[in-house]
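From first to last, the protein sequence lines are chains H and A.
Here our numbering is used: the first residue of the first sequence is 1, the next is one more, and so on.
Here our numbering is used: the first residue of the second sequence is 261, the next is one more, and so on.
In this text, a Cβ means the ideal position worked out from N, Cα and C, and glycines have one as well.
Owing to the predicted nature of the structure, the values given are computational and were not obtained by experimental measurement.
The block underneath contains the structure these notes are about, expressed in structure tokens.
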Amino acid sequence: MADSPLIEARGLMLAVGTRRLVADFSWRAGAGEFWCVLGANGAGKTTLLRALAGLLVPMRGEVLIKGRPLEEWQRHALALERGFVAQHAHDAFDAGVLETALIGRHPHLDPWAWESKADVAAARAVLARVGLQGYEARSVKTLSGGERQRVSLATLLLQDPRICLLDEPTSHQDVAQQAAVSTLLRALAGEGRVVIAALHDINLAARHATHALLLDGAGTVSAGPIAQMLSAENLSRIYRHPMRVVSEQGTDWFFPQTPS
Amino acid sequence: MRRPLLLWLLLAALALAAFAMALISGSVALTPGAVLRALFGGEQAEIVLRLRLPRALAAFGVGGALALAGALMQALLRNALAEPYLLGASGGAAIGALLAMLAGAALAWINLGAAAGAAAVMGLLMLMARRDFGDDIAPGGAVRLLLSGVALAAISGALVALLLAVAPEAQLRGMLFWLLGDLAGVDDSRAVWLALLAAFLIAYPRARALNVLARGDALAQSLGVNVRALRLTAFGAASIVTAAAVATAGTVGFVGLVAPHLVRLAVGNDQRVLLPACVMAGGILLLLADTVARTVVAPLQLPTGAVMSLVGAPLFLALLWRDARG
């Protein structure tokens, strides 16, 4: 890696209750990389992403953002560097799509400032980028799950961090939107960011991600370039289910084996 | 993103109209001209300046304070049900005030007792929920806090019933009126206005952060909001206004619930618009309710709190069901 890493984990240990999900995990990622996080349900994808985002304190080890440990960062300065999209958005009260996307400008505005015309224009552009053009005035409570997820993506784009952490951003998307969101994430990495996203669709990950983190749910996290990481053997291990690879014109496709 | 100026002007005009109505109406009906002359020391100055204006100011201040407390608690708990009355603050205030009355204390002590009771319940609530105020709210934390408030309100209600049962006959009427929320005889509302100003100055600079918090803790944290500090501050501000309001007027329900809902329906949930609009709307609502309370069956005076609930609850129901059908 030529550049210094944007985000780095050192000896990270994470547990939920008495289950140790990640043990002694050390890893680094830099600009231009799109890391997909793969693992079975409950393997610790969300926990790992939250720890990397600084939303939970690891049992052991530390996370460094641009070489500085998380605890040394001011909340506000950190918000300009890393963003996190949770699996579910919580809308306690109704609000418009544009208004909800503009929430992402919060760390960029002075305490007394209101969103400027430029912010609103940026929000419209970003909504178009996630395929929500014409949704500006819609109420978030009338959106489908996939549409709401893309509003969250728009919020992240307006926050404009260099480190983007996303928890299953494609889980509620239809096939076309899954591809569109994955392409967008790849493009974000191409803009000099690092993207780390939990995904469920291995083939989508294989097409778009540059690197992969595989969680086996028993403490081991393996990391590396996507082509090396995605193998029937590795995937069978982390999903605890036999997986098949079908190669077609140089492209590998991964399928769970079904009893026939 | 900005059109609240017009809204604020509209609310200010409505507030002025409500004040005008309050100063004109009463056992001695005055013309608007006479009220204006009285304000500058004319012949009816006694009625207007010594009786009606102080009471109108108290009603507006208390209404605004309770509405602000309701709006803050709703944003904080992400629950449209939250308000000081429901969370037990008013119940705590009632215990404090009734105890002071039983002891035969002077008015100032009764007010202080009420403020202390409200503050005690809010403090207790904050203590119980201290973990849920943290950066990483436990699942159901907000609901737990709300339910804790409801339980504390039930306990306070039971204690109030006990106090009423043992109270001497002669004090019952005074106690009852206090419990129903009464603005008769209130001539000093400086405490509630001061508290309102303080709480507003604390809350308003945090309005945009409250907007972020309404979208979930994880998002708020990743956007740089100190979730724990924000919750504590907003809860503290809500407690200050609640204590001052109940100390001034007794337990006035519903304005803390209705005003934020009304405003939210009209202007949405941007706290930067909502908080000031709530203060105005709450003030207007209670001032109107109080004007009705003291004039509708004059010379008899009805308790303000009862009139507020009587008018407020059906209004709330209408909004609720209109919303459900919409």
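Tell me the DSSP secondary structure of residue i in three-state form.
i, result
"H/H211", "strand"
"A/V557", "coil"
"H/T183", "helix"
"A/F514", "coil"
"A/A460", "In the sequence as presented, Ala is not what sits at residue 460 of chain A; that position holds Phe. Residue state, collapsed to three classes: helix."
"H/S144", "coil"
"A/F279", "helix"
"A/S569", "helix"
"H/W27", "strand"
"H/S139", "strand"
"A/R450", "helix"
"A/D477", "helix"
"A/F495", "helix"
"H/P225", "strand"
"H/V85", "strand"
"H/T258", "coil"
"A/L290", "coil"
"H/D160", "coil"
"A/G417", "helix"
Since residue i and residue j should fall inside the 8 angstroms C-beta cutoff, what is the C-beta to C-beta distance between them, to a whole number of angstroms?
i, j, result
"A/A319", "A/D530", "So it is not a contact: roughly 27 angstroms between Cβ atoms."
"H/L153", "H/V85", "6 angstroms"
"H/E136", "H/R124", "7 angstroms"
"A/L309", "A/A298", "7 angstroms"
"H/R162", "H/E81", "6 angstroms"
"H/R60", "H/M13", "4 angstroms"
"A/G409", "A/L367", "28 angstroms between Cβ atoms; not a contact."
"H/G96", "H/S139", "6 angstroms"
"A/P344", "A/T502", "4 angstroms"
"A/L362", "A/A507", "Between A/A507 and A/L362 the Cβ distance is about 17 angstroms, and since that is not below 8 angstroms, they are no contact."
"A/V527", "A/A519", "In fact, because the Cβ distance is near 12 angstroms, the residues do not count as touching under 8 angstroms."
"A/L547", "A/A278", "5 angstroms"
Would you mind sorting residue i into buried or exposed? The rule is 16 or more other CB atoms within 10 Å of its CB.
i, result
"H/A206", "buried"
"A/R491", "buried"
"H/E33", "buried"
"H/P242", "exposed"
"A/A558", "exposed"
"A/E303", "exposed"
"A/D442", "buried"
"H/W35", "buried"
"A/G330", "buried"
"A/F300", "exposed"
"H/D110", "exposed"
"H/E115", "buried"
"H/T170", "buried"
"H/E99", "buried"
"H/T251", "exposed"
Quick one: what's got a C-beta closer than 7 angstroms to residue i's C-beta in the same chain, skipping five residues either side?
i, result
"H/G217", "L21, G39, A40, G42, A43, G44"
"A/A458", "I500"
"A/L337", "A402, L405, L406"
"A/V567", "A549, V552, A553"
"A/S482", "none"
"H/H200", "E168, S171"
"A/I284", "L290, P292, V295"
Keeping to the same chain, check which residues put their C-beta closer than 8 angstroms to that of residue i; ignore five residues upstream and five downstream.
i, result
"A/A380", "G352, G356"
"H/V16", "G44, T47"
"H/L49", "V37, F84, L165, L166, D167, I196, A198"
"H/K76", "According to the sequence provided, residue 76 of chain H is His. The question's Lys does not apply to it. Here the set comprises P107."
"A/V280", "The identity of residue 280 of chain A in the sequence shown is Ala, whereas the question assumes Val. The residues are P292, V295."
"A/W268", "P536, A537, M540"
"H/G131", "R150, Q177, A180"
"A/R532", "P264, Y464, A467, R468, N471"
Looking at the strands, I want to know which residues DSSP matches up with residue i.
i, result
"H/I65", "H/I7, H/R68"
"H/D252", "H/S247"
"H/L14", "H/V22"
"H/F34", "H/V195"
Going along the chain, which residues of its own chain have a beta-carbon closer than 6 angstroms to the beta-carbon of residue i, five neighbours each way excluded?
i, result
"H/V37", "K45, A198, L213"
"H/S182", "L204, H208"
"H/E168", "Q87, A198"
"H/V63", "A9, L52, L70"
"A/L266", "none"
"A/G510", "W438, G441, D442"
"A/A451", "A504"
"H/A23", "M13, G219"
"H/S236", "P242, M243"
"H/L56", "R50"
Does the Cβ of residue i lie closer than 7 angstroms to at least one heavy atom of the ligand NAD?
i, result
"A/L336", "By its list of ligands, the structure shown contains no ligand whatsoever, and the ligand NAD lies outside what it can speak to."
By the criterion of Cβ-Cβ separation under 8 angstroms, what are the contact partners of residue i in chain B?
i, result
"H/W112", "No chain B is present in this structure, whose protein chains are H and A."
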